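Same order as they appear, the protein sequences are chains A and B.
Just so you know, we're using this note's numbering here: the first sequence kicks off at -3 and counts up by one.
Just so you know, we're using this note's numbering here: the second sequence kicks off at 1432 and counts up by one.
Where is the CB? At the ideal position from N, CA and C, for every residue including glycine.
Predicted model only: the values in this text are computed from it and were never measured.
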Amino acid sequence: MLRLSRATKAFLLVVVAIVLVFMYAPLFILILNSFNESQISGWPIESFSTKWWIFAKDYQPIRAALLNSVLVATGAMIIASILGTLVAFALKGFEFFGRATVNLLVVLPIALPGVVTGVAFSNTYSNFLSPAGFNIGYFGMIVAHATFCIVMVFNNVFARLKRMNPHLQEASADLGAGLWQTFRLVTFPQFRTAFVAGALLAFALSFDEVVVTIFTAPPGVDTLPLWILKEMARPNQASVVNVVATVVILLSLIPVYISQRLTQERQ
Amino acid sequence: MALIEIRGLVKAFGPVKAVDGINLDIESGEFITLLGPSGSGKTTVLRMVAGFEDPDAGQITLDGKDITHLAPFDRNVNTVFQDYALFPHMSVQENVEYGLRTRKVPKAQRAKQALEAIESVKLSHTADRLPHQLSGGQRQRIALARALVLRPQVLLLDEPLGALDRQLREEMQVELKRIQRDAGITFIFVTHDQDEAMRMSDRIVVFNHGRIEQVGTPQDVYERPATRFVAGFLGVSNLLEIPSAQSDTSKDATISIRPERIRLAPSSYQQRSGEVALGGRISEVAYLGSNTVFVVETDTGSRISVTTLNQELPTQGEGFGTGDRVLAVWQESQAAQISG
Chain A
-3 MLRLSRATKA FLLVVVAIVL VFMYAPLFIL ILNSFNESQI SGWPIESFST KWWIFAKDYQ
57 PIRAALLNSV LVATGAMIIA SILGTLVAFA LKGFEFFGRA TVNLLVVLPI ALPGVVTGVA
117 FSNTYSNFLS PAGFNIGYFG MIVAHATFCI VMVFNNVFAR LKRMNPHLQE ASADLGAGLW
177 QTFRLVTFPQ FRTAFVAGAL LAFALSFDEV VVTIFTAPPG VDTLPLWILK EMARPNQASV
237 VNVVATVVIL LSLIPVYISQ RLTQERQ
Chain B
1432 MALIEIRGLV KAFGPVKAVD GINLDIESGE FITLLGPSGS GKTTVLRMVA GFEDPDAGQI
1492 TLDGKDITHL APFDRNVNTV FQDYALFPHM SVQENVEYGL RTRKVPKAQR AKQALEAIES
1552 VKLSHTADRL PHQLSGGQRQ RIALARALVL RPQVLLLDEP LGALDRQLRE EMQVELKRIQ
1612 RDAGITFIFV THDQDEAMRM SDRIVVFNHG RIEQVGTPQD VYERPATRFV AGFLGVSNLL
1672 EIPSAQSDTS KDATISIRPE RIRLAPSSYQ QRSGEVALGG RISEVAYLGS NTVFVVETDT
1732 GSRISVTTLN QELPTQGEGF GTGDRVLAVW QESQAAQISG
């Protein structure tokens, strides 16, 4: 192994520390401020209280936004889990013309700017579906989220399937299992953790999404990130916003953490 | 009627013909080995009998029934894979029970049968373990138990001993042969190891380039190799061209003579009737403990390998050495005529 000098090691550690401070200090300040008694955020915090947490708990717009966020993220996660897994099986299972291209096309939406995805879906809904008499409404927002969530499930499941011993499925068939039995008893248990990890990441990704939501949310419907964005325009609501932002941080970190644990366990 | 009849079997992968028109009859209760170098088509034939590959042409019948295009789960044959393919998320017992489970055997009965099968390979203490907690040899036995618990008509084994070290391998060779005799099941065994094939098989099928070179008992293929390939693949052989004047046919013929069937004699030696003697000079001597290998450059320009068994302690200054003029002598009846 490459041996690093003492000075190099120290230098690298300092860099890591600086990076971490830049990444997490703002989040830390935000979380602290959610316990700020004052209506506007400020530093130093003069007195702490859970006042804004109690206020947020019963505040109707926030509860509605939270429900929307959970519904949309759950819907996007379910669609992405099913479709992402099926695409992974198609790309792993057999050769077909343009397989590599399809692989790229499935992964691409994650790299597209949210603005582009948002505008594209918004245009499709209002210029094609609405004139055709089909009002997609709330479900349209879920579908738009699902497009970039599919990648999470697809990537995880596809990577696991590629590492799976192909003889396992043959052995199962050899021992008398039909196709569905083999899937249920042998194949699925092999990629179950990858599947759950991918689904949780999909949930977190959808839960955080702002830009695509702006373009596809029906009028009057807010998700938590959307609500935050609107409230920020009114600075005297800052402390409630901090509470909601803290909730968003927690609700996205937990699935990511669990998903990481799941993937590591297997390796 | 043979238990398995293979007729005109063909399988191509893209432009490569992996199996190129094979006919083979396999008798019930037989231990038959498909032997050949890698890429010779032996594994593909096994996979077509198992149902993992669909033949492009030809027919396979089992017990008179056409199974050529049946799915693996619809034929009464089971496979032991080279990498064992034990289900990693199931315990040893669950693995062995798997085939009984798909056949809807009641839970209590399948547990009983599975435990018996695990006991028959002497691994009862591992029933609750996961495959990754077993050694290679133990996994091998469990894979065997998992297939045998179903009492298949035919057991297919795809290089099942390839991953084991030498000592374990030899133990398992004896063990496999015993299990096959006791259970009376037909074994089709794939290997590239000629010693393994010789040791275990009732008959050996020698494969090369997707075709069968020869089928016969271990003695047949060793003593009477039909082709140059067989002579060279099973053990060491000296291939000598015999001019047409001396052979039975009008064409030039090739004979195969094994190194251990030749002895060295001083050039003054008087040839007896029925013997062939070729004069030459020893160019190499390799002492290998139990035997010594000499290479003789004959006056006719061939190189002959001669093996002598060292039955006694060699005495200093005796015997043949590099550069000596000698006669390589063998009984004419010991040589085999090669056709191809």
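- For residue 193 (chain A), the secondary structure class from DSSP, reduced to helix, strand or coil, is helix.
- Close CB contacts of residue 1755 (chain B) within its chain, under the 6 Å cut and outside five residues either way in sequence, are with 1713 (chain order).
- Classified as exposed, residue 6 (chain A) has fewer than 16 neighbouring CB atoms from the shown chains inside 10 Å of its CB.
- Between the stretch 194 to 205 of chain A and the stretch 27 to 34 of chain A, the count of C-beta pairs closer than 8 Å stays below three; the two stretches do not touch.
- Residue contact with chain B for residue 177 (chain A): present (Cβ-Cβ distance below 8 Å to some residue of chain B).
- Residue 1550 (chain B): member of the alpha helix (DSSP H) spanning 1538 to 1551, first to last residue.
- Here the alpha carbon of residue 143 (chain A) sits roughly 48 Å from the alpha carbon of residue 1440 (chain B).
- Note on geometry: alpha-carbon atoms of residue 254 (chain A) and residue 1580 (chain B) lie some 40 Å from one another.
- Closest in C-alpha terms to residue 1521 (chain B), from the list B:1560, B:1612 and B:1514, comes B:1560.
- Residue 184 (chain A) is classed as exposed because its beta carbon has fewer than 16 other beta carbons within 10 Å across all chains shown.
- Going by DSSP, residue 1668 (chain B) is part of no alpha helix (DSSP H) at all; its letter is neither H nor E.
- Beta bridge pairing from DSSP links residue 1687 (chain B) with B:1670 and B:1767.
- For the stretch 153 to 169 of chain A, the set of positions with a beta-carbon nearer than 8 Å to some beta-carbon of chain B reads 161, 163, 164, 166, 167, 168 and 169 in chain order.
- DSSP places residue 168 (chain A) in the uninterrupted alpha helix (DSSP H) bounded by 162 to 170.
- Ranked by Cα distance from residue 1704 (chain B), the options B:1509, B:1763 and B:1711 are led by B:1763.
- Of the residues assessed, residue 45 (chain A) falls on the exposed side of the cut-off, its CB having fewer than 16 other CB atoms within 10 angstroms.
- Chain-ordered, the chain A residues with CB closer than 9 Å to the CB of residue 1514 (chain B) read 161 and 163.
- Closest by C-alpha distance to residue 1623 (chain B), out of B:1462, B:1470, B:1442 and B:1433, is B:1470.
- In the three-state scheme derived from DSSP, where H, G and I count as helix and E and B as strand, residue 1725 (chain B) is classed as strand.
- Rounded to whole angstroms, residue 1610 (chain B) and residue 1770 (chain B) show a C-alpha spacing of 38 Å.
- Between the alpha carbons of residue 1725 (chain B) and residue 1494 (chain B) lies a gap of roughly 51 Å.
- Note that the C-beta distance between residue 1653 (chain B) and residue 1629 (chain B) is below 8 Å.
- Three or more Cβ pairs closer than 8 Å define a contact, and the stretch 1450 to 1459 of chain B falls short of that threshold against the stretch 1510 to 1529 of chain B.
- Under the 10 Å beta carbon count, residue 1639 (chain B) is surrounded by 16 or more other beta carbons and is classified as buried.
- Assignment of residue 127 (chain A) by DSSP, reduced to helix, strand and coil, places it in the coil class.
- Any Cβ of chain A closer than 8 Å to the Cβ of residue 1649 (chain B) would place that residue at the interface, and such an atom is absent.
- When C-beta distances to chain A are compared with 9 Å, the residues of the stretch 1554 to 1578 of chain B below that value are 1574, 1577 and 1578, in chain order.
- One thing to note: residue 258 (chain A) has its Cβ no nearer than 8 Å to the Cβ of residue 62 (chain A).
- Taken in chain order, the whole alpha helix (DSSP H) runs of length 4 or more contained in the stretch 29 to 83 of chain A are 47 to 54.
- For residue 1533 (chain B), a Cβ of chain A is located within less than 8 Å of the residue's own Cβ.
- Looking at A:39, A:55 and A:145, the one whose alpha-carbon comes closest to that of residue 74 (chain A) is A:145.
- Close partners of residue 1481 (chain B) in chain A (Cβ separation under 7 Å): 170.
- Contact fails between the stretch 1479 to 1487 of chain B and the stretch 1458 to 1467 of chain B, because fewer than three Cβ pairs, one in each stretch, are under 8 Å apart.
- The contact set of residue 174 (chain A) on chain B, defined by CB atoms closer than 9 Å, consists of 1502, 1504 and 1533 in chain order.
- Taking the CA atoms as reference points, residue 118 (chain A) sits about 19 Å from residue 204 (chain A).
- With 16 or more other Cβ atoms from the protein chains shown falling within 10 Å of its own Cβ, residue 1660 (chain B) counts as buried.
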